[in-house]
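Read through the structure below, which is laid out as structure tokens, and then see the notes.
There are 2 protein chains.
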Amino acid sequence: MYLELNPDEHLYIQIYESIKNKIISGEISEGFKLPSIRALSGECLVSKNTVSNAYYQLEIEGYISAIEKVGFFVNKTDHLVQLPSQTDALPTTQISPIYNFSYSGVDSSSFPFSIWKRVFRETIDYDETLLKQGDPKGLYELRNSIANYLYNSRGIQTTADDIIISAGTEHLFYLLRRLFNSDTVYGFEDPGYAWGNEFFTYDIEHCSAIPLDDSGIRVDELVKSNVDICLVTPAHQFPTGIVMTTSRRYELLNWAKSGRYIIEDDYDGDFKFSGRPTPSLKSIDSNDSVIYMGSFSKCLTPALRISYMILPKDLMQIYNEAFSGFGCPCSVFIQSALSKFIKDGYFEKHINRMRQLYSKKHMKMLSLLKGIKGIKVQEPHSGTSFSVEVDTELNSNEFAKLALKHGVGITPVDRFSHNGVKRNMYLLGFTGMDTSDIETGLQILDDIISKKRRI
Amino acid sequence: MYLELNPDEHLYIQIYESIKNKIISGEISEGFKLPSIRALSGECLVSKNTVSNAYYQLEIEGYISAIEKVGFFVNKTDHLVQLPSQTDALPTTQISPIYNFSYSGVDSSSFPFSIWKRVFRETIDYDETLLKQGDPKGLYELRNSIANYLYNSRGIQTTADDIIISAGTEHLFYLLRRLFNSDTVYGFEDPGYAWGNEFFTYDIEHCSAIPLDDSGIRVDELVKSNVDICLVTPAHQFPTGIVMTTSRRYELLNWAKSGRYIIEDDYDGDFKFSGRPTPSLKSIDSNDSVIYMGSFSKCLTPALRISYMILPKDLMQIYNEAFSGFGCPCSVFIQSALSKFIKDGYFEKHINRMRQLYSKKHMKMLSLLKGIKGIKVQEPHSGTSFSVEVDTELNSNEFAKLALKHGVGITPVDRFSHNGVKRNMYLLGFTGMDTSDIETGLQILDDIISKKRRI
Numbered sequence: 003m004y005l006e007l008n009p010d011e012h013l014y015i016q017i018y019e020s021i022k023n024k025i026i027s028g029e030i031s032e033g034f035k036l037p038s039i040r041a042l043s044g045e046c047l048v049s050k051n052t053v054s055n056a057y058y059q060l061e062i063e064g065y066i067s068a069i070e071k072v073g074f075f076v077n078k079t080d081h082l083v084q085l086p087s088q089t090d091a092l093p094t095t096q097i098s099p100i101y102n103f104s105y106s107g108v109d110s111s112s113f114p115f116s117i118w119k120r121v122f123r124e125t126i127d128y129d130e131t132l133l134k135q136g137d138p139k140g141l142y143e144l145r146n147s148i149a150n151y152l153y154n155s156r157g158i159q160t161t162a163d164d165i166i167i168s169a170g171t172e173h174l175f176y177l178l179r180r181l182f183n184s185d186t187v188y189g190f191e192d193p194g195y196a197w198g199n200e201f202f203t204y205d206i207e208h209c210s211a212i213p214l215d216d217s218g219i220r221v222d223e224l225v226k227s228n229v230d231i232c233l234v235t236p237a238h239q240f241p242t243g244i245v246m247t248t249s250r251r252y253e254l255l256n257w258a259k260s261g262r263y264i265i266e267d268d269y270d271g272d273f274k275f276s277g278r279p280t281p282s283l284k285s286i287d288s289n290d291s292v293i294y295m296g297s298f299s300k301c302l303t304p305a306l307r308i309s310y311m312i313l314p315k316d317l318m319q320i321y322n323e324a325f326s327g328f329g330c331p332c333s334v335f336i337q338s339a340l341s342k343f344i345k346d347g348y349f350e351k352h353i354n355r356m357r358q359l360y361s362k363k364h365m366k367m368l369s370l371l372k373g374i375k376g377i378k379v380q381e382p383h384s385g386t387s388f389s390v391e392v393d394t395e396l397n398s399n400e401f402a403k404l405a406l407k408h409g410v411g412i413t414p415v416d417r418f419s420h421n422g423v424k425r426n427m428y429l430l431g432f433t434g435m436d437t438s439d440i441e442t443g444l445q446i447l448d449d450i451i452s453k454k455r456r457i
Numbered sequence: 003m004y005l006e007l008n009p010d011e012h013l014y015i016q017i018y019e020s021i022k023n024k025i026i027s028g029e030i031s032e033g034f035k036l037p038s039i040r041a042l043s044g045e046c047l048v049s050k051n052t053v054s055n056a057y058y059q060l061e062i063e064g065y066i067s068a069i070e071k072v073g074f075f076v077n078k079t080d081h082l083v084q085l086p087s088q089t090d091a092l093p094t095t096q097i098s099p100i101y102n103f104s105y106s107g108v109d110s111s112s113f114p115f116s117i118w119k120r121v122f123r124e125t126i127d128y129d130e131t132l133l134k135q136g137d138p139k140g141l142y143e144l145r146n147s148i149a150n151y152l153y154n155s156r157g158i159q160t161t162a163d164d165i166i167i168s169a170g171t172e173h174l175f176y177l178l179r180r181l182f183n184s185d186t187v188y189g190f191e192d193p194g195y196a197w198g199n200e201f202f203t204y205d206i207e208h209c210s211a212i213p214l215d216d217s218g219i220r221v222d223e224l225v226k227s228n229v230d231i232c233l234v235t236p237a238h239q240f241p242t243g244i245v246m247t248t249s250r251r252y253e254l255l256n257w258a259k260s261g262r263y264i265i266e267d268d269y270d271g272d273f274k275f276s277g278r279p280t281p282s283l284k285s286i287d288s289n290d291s292v293i294y295m296g297s298f299s300k301c302l303t304p305a306l307r308i309s310y311m312i313l314p315k316d317l318m319q320i321y322n323e324a325f326s327g328f329g330c331p332c333s334v335f336i337q338s339a340l341s342k343f344i345k346d347g348y349f350e351k352h353i354n355r356m357r358q359l360y361s362k363k364h365m366k367m368l369s370l371l372k373g374i375k376g377i378k379v380q381e382p383h384s385g386t387s388f389s390v391e392v393d394t395e396l397n398s399n400e401f402a403k404l405a406l407k408h409g410v411g412i413t414p415v416d417r418f419s420h421n422g423v424k425r426n427m428y429l430l431g432f433t434g435m436d437t438s439d440i441e442t443g444l445q446i447l448d449d450i451i452s453k454k455r456r457i
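Take a look at the structure:
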């Protein structure tokens with residue numbers, strides 16, 4: 003058997019590859035007896051160990067069989083997987099804006115890539131638990147870290163046992179729906195993100211749109227409705243940015259007292275840059291009627307795809323009975339790594355850095371927006387994005403398209419509206435942009451509004 | 003300001019930590035002016051750079067502010083996150099068997115931990131796409147790799163565009179349910195895993211139990227039913243292990259021709275150790291009525307929590323319209339790493355190794371099981387687990403409990419049965435066990451059956 007070997011590369015791999023190729027190509031076939039280890043090592047002028055390693059590799063992958071005291075024989079191989087190298091086909095791409103005021107961006111230059119490499123290196127190690135599907139409610143250690151974090155950051159007293167980990171708000175909401183019967187009525191803020199995602203509202207006869215005022219969701223309208231569970235975003239209402247006042251929070255909690263539930267989505271509660279601090283609903287809920295939802299998408303990265311909720315005791319009991327067979331959708335790899343990231347203190351550092359950084363960007367955005375004549379900021383105390391009114395005769399889709407033509411991405415607020423927002427409102431996020439892109443992007447918007455730039 | 007420094011550790015970190023602690027403890031408070039960089043460097047006998055680095059770290063985390071040409075001042079810090087170190091509370095544990103014939107185990111000693119470390123190290127790098135939520139259908143590259151794999155391993159011709167990635171069979175099934183209207187009737191094999199998981203069958207009036215015979219699901223019974231979509235496990239029926247015969251496959255495909263769908267769950271299709279090779283339903287489906295489901299749980303590890311399905315063209319069109327707002331539950335980190343693992347050839351090697359290894363364990367199990375007088379193997383050609391009948395007067399729960407008392411974990415088949423399996427059947431997996439544990443575990447079962455061991 004002739005094998006061509008290159009002395010500069012691993013010899014056993016070359017022997018393994020050469021014989022494997024001869025088997026795959028059919029040059030040697032089922033039943034063929036390979037040279038003995040001694041014979042091949044003499045022929046190739048390599049050590050017996052080298053040949054032995056190559057034969058071992060071929061054997062464990064199923065290409066050959068060893069018969070003791072007889073020799074090595076080629077197996078039938080049509081059942082073996084052989085993946086040809088792939089051509090890198092690419093999907094058809096969409097135009098993406100150069101200056102993207104996306105409300106879901108994160109600052110990529112601040113993401114601790116090297117720390118994550120280290121965390122994964124230290125997490126992935128021979129460990130049986132890493133090869134199991136894990137707890138349906140999510141990794142216990144991680145739930146424990148989250149409970150600890152919520153106490154310190156949001157004043158919420160909770161334990162690992164009250165927390166369920168999942169993969170995004172939609173998935174949490176899906177679990178919730180399964181806990182209630184099918185004629186339960188869900189209330190959503192209008193405008194609110196639920197109206198922009200068919201997932202929340204597909205069962206439209208069981209959904210109710212509740213209007214807002216400057217203090218947040220209108221509890222007087224909620225009282226008049228037949229809503230059983232109401233989803234709110236009190237920290238910064240999405241998409242208007244309105245901070246729910248403390249008195250409105252108590253009104254809302256009061257509404258829930260008669261067997262109703264509030265879902266508090268605290269999606270950017272970590273980021274409060276101005277105005278008076280307001281407590282989370284969950285932290286002032288004495289009646290155990292608040293379902294609290296949080297996520298690592300804003301404060302770390304949406305790429306982790308980890309979100310969580312705290313369930314009231316009565317609902318957790320139903321969950322424990324009904325969801326025994328439903329696995330947590332998050333990889334144990336990711337959950338372990340995130341748990342370590344928090345435990346080793348990196349998360350604390352990261353979130354404090356991000357608060358500083360985003361606070362500076364927030365100030366920059368606000369001062370620039372105030373300088374644009376045709377733009378009115380709806381809520382200066384908003385969190386990670388601004389909702390603005392634009393003075394233009396174009397409708398919201400036309401204006402957003404025109405902006406995109408000039409490289410600027412903005413989101414019309416009426417995408418999240420059910421009963422129709424009359425005014426010309428847009429959502430402008432800033433967390434994923436650097437300062438100079440914020441400047442240029444807003445300058446372009448200014449030019450479009452003042453008609454210095456046309457189609 | 004007195005700082006105690008240890009010359010053997012990073013000096014800037016010590017300065018940063020000392021000042022941070024003074025701020026947190028309240029020793030120095032809001033408005034306190036820190037010594038200048040020059041002054042502190044002289045005082046501590048360290049370079050100005052060292053002090054400057056420490057101040058920079060304190061500044062970006064929000065503990066202090068720099069005012070140009072004036073100095074460094076302590077900020078108000080009650081808004082900063084400070085996570086105390088956690089006590090490692092542990093959840094209450096269940097008794098886990100020493101000899102666990104679990105049907106969902108994988109061989110942990112063969113899992114390539116060091117390759118995964120490397121793959122993560124090489125994947126996680128400054129890359130904007132890693133910080134985004136990603137394609138709702140899953141990472142394009144990974145879908146492309148899966149299409150390539152299915153063609154080579156299972157004879158299925160498909161493309162990335164036809165594939166949706168999700169996090170477990172339940173999640174895939176959930177997506178499917180949303181594509182059909184609410185009066186659709188689902189057929190499940192009886193026994194079958196759906197009957198063991200309330201998730202599949204909670205809407206019981208829209209579920210139908212279809213019995214089996216030795217060739218697989220009974221299509222004559224299916225024809226008599228009002229089922230619209232039927233879930234089957236043709237490679238090795240779960241839990242009986244029966245391989246669906248080729249003629250039964252064509253009968254089933256024929257049933258689907260009039261606008262019905264078949265869900266083919268190929269959960270262990272990668273592992274066929276004996277008997278004639280049978281094509282996947284999807285590969286012989288000329289009518290585009292098969293929804294194919296696969297996963298990396300058996301062939302790699304359930305810890306990844308990655309599964310996927312191929313949708314027929316008509317269903318994919320509905321999906322594209324209905325699920326625009328529903329994010330893929332899998333972390334982009336995991337998807338990128340898995341894609342690289344496949345692309346770099348590690349998956350091919352791994353699966354061939356596992357086939358060899360599991361094939362040996364399969365042979366071992368079969369020969370040992372045949373030697374036990376009170377045990378009858380139902381299907382010798384089964385895949386990664388055996389379904390066996392045990393000669394005992396105990397009922398299945400009693401017998402499983404008794405086995406557990408002696409350290410052996412087995413699963414009663416009637417857990418997956420709807421209309422009741424009369425016989426005393428158990429599911430015995432072997433993929434997660436080493437050979438000596440298989441021997442000991444089966445010896446214990448033998449002793450229990452022959453009453454050498456009692457309670």
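Same order as they appear, the protein sequences are chains B and D. Taking the numbering used here, the leading residue of the first sequence gets 3, the next gets one more, and so forth. Taking the numbering used here, the leading residue of the second sequence gets 3, the next gets one more, and so forth. Built from N, CA and C at the ideal position, the CB exists for glycine as well.
Is it the case that the Cβ atoms of residue 406 (chain B) and residue 97 (chain B) are separated by a distance below 8 Å? Closer than 8 Å, so yes.
Verify the CB distance criterion: does residue 150 (chain D) have a CB-CB separation below 8 Å to chain B? Cβ-Cβ to chain B under 8 Å: yes for residue 150 (chain D).
Going along the chain, which residues of its own chain have a beta-carbon closer than 7 Å to the beta-carbon of residue 353 (chain B), five neighbours each way excluded? 272, 301.
Residues near residue 339 (chain D) in its chain [Cβ-Cβ closer than 6 Å; skip 5 each side]: So the list reads 121, 122, 125, once near-sequence residues are dropped.
Endpoints, the beta strand (DSSP E) within which residue 232 (chain B) is located: Start and end: 231-234.
List, in chain order, every chain B residue whose beta-carbon is nearer than 9 Å to that of residue 333 (chain D). Neighbours of residue 333 (chain D) on chain B, chain order: 169, 305, 306, 307, 308, 332, 333, 335, 336.
In three-state terms, what does DSSP make of residue 309 (chain D)? The answer is strand: DSSP assigns residue 309 (chain D) an E or B state.
Note down, in chain order, every chain B residue with its Cβ under 9 Å from the Cβ of residue 357 (chain D). What residue 357 (chain D) touches in chain B, judged by beta-carbon distance under 9 Å, is 63, 64, 81, 82, 83, going in chain order.
Under 7 Å Cβ to Cβ from residue 366 (chain D), same chain only, skipping five residues before and after it: list those, please. Hits under 7 Å: 437, 440.
Counting C-beta neighbours from all protein chains within 10 Å, is the total for residue 41 (chain D) 16 or more, i.e. buried, or is it exposed? Around the beta carbon of residue 41 (chain D), fewer than 16 other beta carbons lie within 10 angstroms, which makes this residue exposed.
Residue-level contact to chain D via CB, residue 128 (chain B), 8 Å cutoff: For residue 128 (chain B), the answer is yes, since a Cβ of chain D falls inside 8 Å of its Cβ.
Taking Cβ to Cβ, would you say residue 287 (chain B) is nearer than 8 Å to residue 255 (chain B)? Contact flag set, yes.
Taking Cβ-Cβ distances shorter than 8 Å, what residues in chain A pair up with residue 343 (chain D)? Among the protein chains of the structure shown, namely B and D, there is no chain A.
Are the CB atoms of residue 381 (chain B) and residue 242 (chain B) nearer to each other than 8 Å? It is a contact, given that the beta carbons lie within the stated cut-off.
Proximal residues, the stretch 172-186 of chain B versus chain D, C-beta separation under 8 Å: Within the stretch 172-186 of chain B, the residues whose Cβ lies closer than 8 Å to some Cβ of chain D are 172, 173, 176, 180, listed in chain order.
Give the C-beta separation of residue 266 (chain D) and residue 229 (chain D) to the nearest angstrom, bearing in mind that I take them to be a contact with Cβ-Cβ under 8 Å. In fact, because the Cβ distance is near 15 Å, the residues do not count as touching under 8 Å.
Please identify the residue among D:54, D:35, D:102 whose C-alpha is closest to the C-alpha of residue 73 (chain D). That would be D:35, whose Cα lies nearest to the Cα of residue 73 (chain D).
Just tell me which of D:308, D:64, D:45, D:184 has its CA closest to the CA of residue 169 (chain D). Taking only the C-alpha atoms, the option nearest residue 169 (chain D) is D:308.
Starting from the beta carbon of residue 118 (chain D), find every residue of chain B whose beta carbon is closer than 7 Å, and list them in chain order. For a Cβ distance threshold of 7 Å, residue set 126 of chain B lies close to residue 118 (chain D), ordered along the chain.
Within 8 Å of any Cβ in chain B, is that where the Cβ of residue 289 (chain D) sits? No, its Cβ sits nowhere closer than 8 Å to a Cβ of chain B.
Spatial distance of residue 231 (chain B) from residue 388 (chain B) (CA atoms): Roughly 27 Å separates the two Cα atoms.
Report the residues of the stretch 35-46 of chain D with a CB closer than 8 Å to any CB of chain B, ordered along the chain. Of all residues in the stretch 35-46 of chain D, none has a Cβ within less than 8 Å of some Cβ in chain B.
Output yes if chain D places a C-beta closer than 8 Å to the C-beta of residue 76 (chain B); else output no. The beta carbon of residue 76 (chain B) sits no closer than 8 Å to any beta carbon of chain D.
Can you tell me which of the three DSSP states residue 442 (chain B) falls into? In the three-state DSSP reduction, residue 442 (chain B) falls in the helix class (H, G or I).
Rounded separation between residue 341 (chain B) and residue 144 (chain B) - CA only: Roughly 5 Å separates the two Cα atoms.
Given residue 345 (chain B), which residues of its chain have a CB within under 7 Å of its CB, disregarding the five upstream and five downstream residues? Counting only Cβ-Cβ distances below 7 Å, and skipping sequence neighbours, we find 147.
Please confirm whether any heavy atom of the ligand GTP lies closer than 7 Å to the CB of residue 106 (chain D). Among the components modelled here there is no ligand, and therefore nothing to report on the ligand GTP.
Determine, using beta-carbon pairs with one atom in the stretch 106-121 of chain D and one in the stretch 321-332 of chain D, whether at least three such pairs fall under 8 Å. Counting Cβ pairs under 8 Å, fewer than three are found: no touch.
So that I know if they touch, is there some Cβ in chain D lying closer than 8 Å to that of residue 159 (chain B)? Closer than 8 Å: no.
Per DSSP, what kind of secondary structure is residue 273 (chain D) in: helix, strand or coil? Three-state result, residue 273 (chain D): coil.
Of all Cβ atoms in chain D, is any one closer than 8 Å to the Cβ of residue 108 (chain B)? Residue-level contact check: residue 108 (chain B) touches chain D, since one or more beta carbons of chain D fall below 8 Å from its beta carbon.
Between residue 167 (chain D) and residue 337 (chain D), which are expected to be in contact by the criterion C-beta below 8 Å, what is the C-beta distance as a whole number of angstroms? Between residue 167 (chain D) and residue 337 (chain D) a beta carbon distance of about 7 Å is seen, short of the 8 Å cut, so the two are scored as contacting.
Is the CB of residue 136 (chain B) under 8 Å away from at least one CB in chain D? Taking Cβ atoms only, chain D reaches closer than 8 Å to residue 136 (chain B), which makes this a yes.
Would you tell me roughly how many angstroms separate the C-alpha atoms of residue 281 (chain D) and residue 217 (chain D), rounded to the nearest one? In a straight line, the C-alpha of residue 281 (chain D) is about 15 Å away from that of residue 217 (chain D).
Just to confirm before moving on: does the CB-CB distance between residue 305 (chain D) and residue 268 (chain D) stay below 8 Å? No, Cβ-Cβ distance for residue 305 (chain D) and residue 268 (chain D) is not below 8 Å.
Residue 64 (chain D) and residue 77 (chain D) closer than 8 Å at C-beta: With respect to the 8 Å criterion, residue 64 (chain D) and residue 77 (chain D) are classified as neighbours on the basis of their beta carbons.
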